[in-house]
Amino acid sequence: MGKDVIIALDFDTREKTLAFLEQFTEEKPFVKIGMELYYAEGPAIVREIKARGHKIFLDLKLHDIPNTIKKAMAVLSGLEVDMLNLHAAGTKAMMEAAVEGVTRPDGSRPLLIAVTQLTSTSQERMERDLLIEGTLEHVVMHYARCAAEAGLAGVVCSPLEAGMVHEACGTDFVTVTPGVRFADGDVGDQVRVTTPARAKELGSDYIVVGRPITQAADPVGAYRKCAAEFIG
Ligand code: C5P
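Residue numbering for the sequence shown is 195 to 426, as defined by my numbering.
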C-alpha cells in the first residue's frame, strides 16, 4: 500500500487554497478536501485541483440510506478523486451500496474509507447519546471489521489504532490517520497526537496533516520534513 502524506486543505475559499498550492513548485502533494471547501466551492474546486495533478481525498463522510449513498458515490467517483469516505454507522448494507456506486464503468474505483466513531465522541457520549454499550475501542474495531466485510478499502483512525486495525482486518486494509504533529510543534485542539515518524512505526498507511503544514512559516519545508519522517 502506497504510504503517503495527505495535506488537509482546510481553507474556505478557492483563492486561499490555490495560493497555498502554488507554493509547491516541485512536488504535487496528495490533498484532502473537506466539507468546508467543498460546500463553499462545489465540485469545480475538485476538478481544478485534480487538473493541477494532485491526488484528492474527498472527505465528505456520507451517511444516508443505501440507495441514496450508491447514487451519490457514483457522482463523486465521477470526479476522478482518489479517496472517498462514509460513516460505518450507516450499516453494512449502506457500505455495500457505496462500493457498488463508487465503482466506475471501467471497474476502477477510488479507495473507499470508513469513519468508525468520530474522535470527538467520548465513551460517555457514545453510551449516553447513542445508546451504544461496550468500550469505544471495541466499537471502533467492530465497525472496522464491518467495513472490511462490506468490501471497503480501509478506515480513518488514530495512528495508535493502526496496528489493531491491521491485525483484525489484514495488512492490506488501509489506515488513514489524522492527529499528527511534529515533536516540537503546536498540538492545537488535537488530543492524542503522534509524530510522522511514530505514525510510520505504528503502521499508518496515510497520514492526514493540516495545520502543521498549512500554518507553517515554510509550508513546503514542513511538508518535506513530514514526508521524510513518514516515507523517507
Ligand atoms: O490541522 P490538523 O492536522 O489537526 O488537521 C487534521 C485534519 O484531519 C482536519 O481536516 C480534521 O478535520 C481531520 N480529522 C481529524 N480527526 C478525525 C477525522 C478527521 O483530525 N478523526
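Even glycine gets a Cβ: it sits at the ideal position worked out from N, Cα and C.
Next item on the list: Taking threonine 211 as the reference, give the member of Pro413, Ala422 and Arg418 with the closest Cα.
Entry: Pro413
Note to self: Would you say the beta carbon of arginine 319 is closer than 7 Å to some non-hydrogen atom of the ligand C5P?
What the structure shows: no
Note to self: Please give me, in chain order, every unbroken run of the beta strand (DSSP E) with length at least 3 that falls completely inside the region 262-299.
What the structure shows: 277-281
Item checked: In DSSP terms, what valine 334 is bridged to -> In DSSP, valine 334 forms no bridge with anything.
Note to self: So, with DSSP's three-state summary, where would you put valine 309?
What the structure shows: strand
Item checked: Straight-line gap, threonine 408 to isoleucine 227 (C-alpha atoms, nearest Å) -> 13 Å
Check: Within the present structure, is the beta-carbon of leucine 312 separated from the nearest heavy atom of the ligand C5P by less than 7 Å?
Finding: yes
Checklist line | Contiguous alpha helix (DSSP H) assignments of at least 4 residues, all confined to the region 339-425 | finding: 353-363, 390-396, 405-408 and 413-424
Check: Of all the options Asp198, Tyr232, Met229 and Arg246, which has the alpha carbon lying nearest to the alpha carbon of glutamine 217?
Finding: Arg246
Margin query: DSSP three-state label for isoleucine 239, please.
Written below: helix
Next item on the list: Determine, using beta carbons only, whether valine 374 and valine 387 come nearer to each other than 8 Å.
Entry: yes
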